[in-house]
Amino acid sequence: MRLYHFYKIVLIACVLVLIGSGCSTLSQPSVQEEIQIQIDVDGRLESITVPSGTTAGDTLSTAGIALNGNDRSEPAAVMTLIEDGEIHVIRVEESIETEQVVIPFEVIRQPTENLPAGQEKLLQAGKNGIREIISVRVFENGEEISFSEVSSLDLEDTVNEIILVGVQSSIAPVGLPSPLVYLSNGNAWVMDQSTANRYLLVATGDLDGRVFSLSEDGEWLLFTRTEEDEDIINSLWVVALDDPENLLIELDTLNVIHYADWVPGIEPKFAFSSVEPRLSAPGWQANNDLILKVFSENGWTQRVNTLQETNYGGVYGWWGTDFQFSPGGDFVAYASPDQIGIIPYEEAEKEVLLDLIPFKTQGDWAWMPGIGMGPLGNVIFSVNHASQEGSQADEESPVFDLVAIPLTGGGVRTLVYDVGMFAYPLPSPITAKVTGEASYQVAYLQAIFPEQSATSNYRVGLMDRDGSNQRLVFPASDNPGLQPSRGWGAWSPQTTQASGNYPLAVIYEGNIWILDPETGDAWQVTGDGRVGALDW
Numbered sequence: 000m001r002l003y004h005f006y007k008i009v010l011i012a013c014v015l016v017l018i019g020s021g022c023s024t025l026s027q028p029s030v031q032e033e034i035q036i037q038i039d040v041d042g043r044l045e046s047i048t049v050p051s052g053t054t055a056g057d058t059l060s061t062a063g064i065a066l067n068g069n070d071r072s073e074p075a076a077v078m079t080l081i082e083d084g085e086i087h088v089i090r091v092e093e094s095i096e097t098e099q100v101v102i103p104f105e106v107i108r109q110p111t112e113n114l115p116a117g118q119e120k121l122l123q124a125g126k127n128g129i130r131e132i133i134s135v136r137v138f139e140n141g142e143e144i145s146f147s148e149v150s151s152l153d154l155e156d157t158v159n160e161i162i163l164v165g166v167q168s169s170i171a172p173v174g175l176p177s178p179l180v181y182l183s184n185g186n187a188w189v190m191d192q193s194t195a196n197r198y199l200l201v202a203t204g205d206l207d208g209r210v211f212s213l214s215e216d217g218e219w220l221l222f223t224r225t226e227e228d229e230d231i232i233n234s235l236w237v238v239a240l241d242d243p244e245n246l247l248i249e250l251d252t253l254n255v256i257h258y259a260d261w262v263p264g265i266e267p268k269f270a271f272s273s274v275e276p277r278l279s280a281p282g283w284q285a286n287n288d289l290i291l292k293v294f295s296e297n298g299w300t301q302r303v304n305t306l307q308e309t310n311y312g313g314v315y316g317w318w319g320t321d322f323q324f325s326p327g328g329d330f331v332a333y334a335s336p337d338q339i340g341i342i343p344y345e346e347a348e349k350e351v352l353l354d355l356i357p358f359k360t361q362g363d364w365a366w367m368p369g370i371g372m373g374p375l376g377n378v379i380f381s382v383n384h385a386s387q388e389g390s391q392a393d394e395e396s397p398v399f400d401l402v403a404i405p406l407t408g409g410g411v412r413t414l415v416y417d418v419g420m421f422a423y424p425l426p427s428p429i430t431a432k433v434t435g436e437a438s439y440q441v442a443y444l445q446a447i448f449p450e451q452s453a454t455s456n457y458r459v460g461l462m463d464r465d466g467s468n469q470r471l472v473f474p475a476s477d478n479p480g481l482q483p484s485r486g487w488g489a490w491s492p493q494t495t496q497a498s499g500n501y502p503l504a505v506i507y508e509g510n511i512w513i514l515d516p517e518t519g520d521a522w523q524v525t526g527d528g529r530v531g532a533l534d535w
């Protein structure tokens with residue numbers, strides 16, 4: 000018991016000692032060192048005394064000095080001051096400037112064979128652009144320390160001046176039985192009576208060649224132009240060949256890729272099929288529609304009929320459908336990646352004439368057979384995708400045959416085997432034989448390598464309407480073939496006085512060649528390699 004009381008007494012004594020020492024400490028006042036700070040602000044010096052450990056920001060606040068906007072101090076406001084020193088206040092100001100500058104246009108002198116040597120013609124007037132530039136100047140304590148451009152915007156685009164300069168051509172002129180229109184460098188030109196007699200019809204520089212069609216009477220040109228609006232692919236226009244002012248008429252028709260053409264008849268009527276623009280390849284989704292419109296010279300247009308509403312279009316219908324009116328305008332032939340048929344004008348219901356094996360392209364495009372209507376309106380010439388013997392993948396077959404599809408009874412007849420996928424048959428106008436029989440020929444493209452016809456070059460072939468008398472007429476076998484396109488050539492609607500034959504105009508290596516298929520003669524009539532489309 001005595002030992003227990005001893006420990007208790009010791010514990011109480013220790014507690015009393017601790018309490019006493021704590022009270023002694025609290026009772027002593029703390030002493031903090033003061034420091035002297037010089038403040039350099041707005042061109043003057045101020046002095047202030049603050050406790051050591053005060054931040055620069057609190058020191059400035061104590062002195063009644065504020066940092067506004069982008070102002071800063073050295074040392075920074077968050078830094079702690081522990082000894083005598085200085086604070087420099089830096090006043091920061093920004094000046095935003097807006098300036099409009101002129102962007103001068105360039106003068107482009109473009110050689111052309113379409114004008115006599117030495118003659119110049121203003122194709123496009125130049126126009127300066129205007130650019131708005133926004134800049135920022137930064138000042139510290141009244142002195143500029145930086146200048147930077149933060150943004151620029153072109154308020155008006157520059158339009159380069161284009162001057163056509165005629166150059167000497169070594170190409171001899173060729174007589175023409177009727178006006179020939181052609182597309183070169185985004186402009187439409189006309190050759191009249193002679194290939195040496197040329198004049199500029201449309202000088203906008205934005206024709207895309209999707210549609211380029213001369214009316215049956217040779218008075219109007221139907222064409223498409225690209226649009227600056229990214230949401231629009233192109234627009235459809237017409238111009239009269241005999242208009243001295245070359246007044247362009249907009250037809251209030253947008254996004255035409257595969258088809259627009261004249262409808263046979265008295266009044267100016269055209270038909271078209273449209274697409275919807277898409278960001279993904281190929282850049283559109285086809286509507287597969289077919290709409291007829293009429294127009295007047297003052298720009299008025301009106302829809303008069305819809306032969307096909309917007310529809311899915313079958314296999315690969317996203318690519319589109321091609322059409323062609325019969326010579327009498329009483330029905331329309333159509334071709335899609337999986338079938339060929341007709342649409343009677345009054346009924347507007349499809350009649351399938353030939354089911355096709357769709358070709359698997361392995362890419363973002365679809366194969367469509369070209370169609371050529373015979374001038375009597377009783378047969379359609381086209382291409383059939385045939386299966387390959389021994390192959391289990393019919394869609395990948397390389398076999399393509401040129402066929403005739405009669406509209407007056409009888410089955411489909413193969414005229415040219417292994418012609419290639421891009422044959423694009425082109426029947427000629429009617430020739431009356433001595434016997435009184437109405438006859439005509441069919442021009443077509445023959446693949447040089449039929450089993451690789453998607454990438455092969457082609458030669459122009461010719462045959463009688465029944466497939467007889469087949470021969471290759473252009474270019475010569477020792478020259479490179481031509482690249483196939485839907486508008487690769489056009490027959491003249493009239494015969495030449497010299498031979499009495501219908502000449503055939505062909506685009507070869509970017510130039511126009513005039514062929515006389517009967518004699519085998521061929522004349523090159525342009526030499527700049529810039530022709531993209533033609534019609535006769």
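Sequential numbering from 0 applies to the sequence shown in numbering that gives the first Met the number 0.
We put the beta carbon where it would ideally sit given N, CA and C, even for glycine.
Everything numeric in this text was worked out from a predicted model, so none of it was measured.
In the DSSP annotation of this structure, the continuous segment of the beta strand (DSSP E) that includes A332 starts and ends at F330 to S335. Scanning the region 143–174 from its first residue to its last, the whole beta strand (DSSP E) runs of 3-plus residues come out as 160–165. The beta carbon of Q118 sits closer than 6 Å to the beta carbons of G165 from its chain, once the five residues preceding and following it are set aside; these are given in chain order. In the DSSP annotation of this structure, the continuous segment of the alpha helix (DSSP H) that includes S60 starts and ends at A55 to T61. Here A259 is bridged, per DSSP, to F271. Rounded to the nearest angstrom, the gap between the Cα atoms of G466 and D321 is 24 Å. Minimum Cα-Cα distance from F324 among the listed residues A437, N286 and I370 corresponds to I370.
For K292, the enclosing beta strand (DSSP E) has its first and last residue at L289 to F294.
Counting of Cβ neighbours within 10 angstroms places I511 among the buried residues, the total reaching 16 or more. Where F104 is concerned, there is no enclosing beta strand (DSSP E), because DSSP gives it neither an H nor an E. Pairing Q493 with S273, the inter-Cα distance amounts to about 32 Å. Per the coordinates, the alpha-carbon of Q523 lies some 18 Å from the alpha-carbon of P483.
Assignment of beta-bridge partners to F380 by DSSP yields G371 and A403. Distances from the CA of S177 to each of L352, I170, Q192 and S183 were compared; the closest alpha carbon is that of Q192.
Of the residues assessed, E112 falls on the buried side of the cut-off, its CB having 16 or more other CB atoms within 10 angstroms.
Under the three-state reduction of DSSP output, P243 falls in the coil class, being neither helix nor strand.
By the criterion of a C-beta distance shorter than 8 Å, Q445 is surrounded in its chain by V415, V418, G419, A422, Y457, R458, V459, G460 and L471, once the five residues flanking it on both sides are discounted.
Per DSSP, the unbroken beta strand (DSSP E) holding N510 starts and ends at N510 to D515. Within its own chain, the residues whose Cβ lies closer than 8 Å to the Cβ of I36, once the five positions on either side in sequence are excluded, are S46, I47, T48, V49, T58, L80, D83, G84, E85 and I86, listed in chain order.
Around the C-beta of A403, 16 or more other C-beta atoms lie within 10 Å, and the residue is accordingly described as buried. Residue environment for D41: exposed (fewer than 16 other C-beta atoms within 10 angstroms of its C-beta). The C-beta distance from P424 to F473 rounds to 16 Å, too long to fall under 8 Å, and the pair is not in contact. Taking 8 Å as the cut-off, the beta carbon of S427 is found closer than this to the beta carbon of Y439.
Counting other Cβ atoms within 10 Å of its Cβ, N186 reaches 16 or more and is therefore classed as buried. As DSSP reads the structure, W522 sits in a beta bridge with I513. Bridge pairing for P343: F330 [DSSP]. With respect to the C-alpha of V314, the residue from P326, P336 and V158 having the closest C-alpha is P336. Counting only residues of its own chain and dropping the five nearest sequence neighbours on each side, V101 has a CB closer than 6 Å to the CB of N127. Non-local C-beta neighbours of Y501 in its own chain, meaning closer than 6 Å and more than five positions away in sequence, comprise S427, P428, W490, S491 and T494, ordered along the chain. Residue pairing by DSSP places D534 opposite V180 in a beta bridge. Closest in alpha carbon position to T518, among S498, D527, I506 and T525, is S498. Taking C-beta atoms under 8 Å as the contact rule, W236 and L247 qualify, at a distance of about 5 Å. The three-state secondary structure of P50, taken from DSSP, is strand.
Beta bridge pairing from DSSP links V472 with no other residue. In terms of Cα proximity to L200, the closest of G488, I129 and L179 is L179. Residue burial is scored here from C-beta neighbours: W283 has at least 16 other C-beta atoms within 10 angstroms and is therefore classed as buried.
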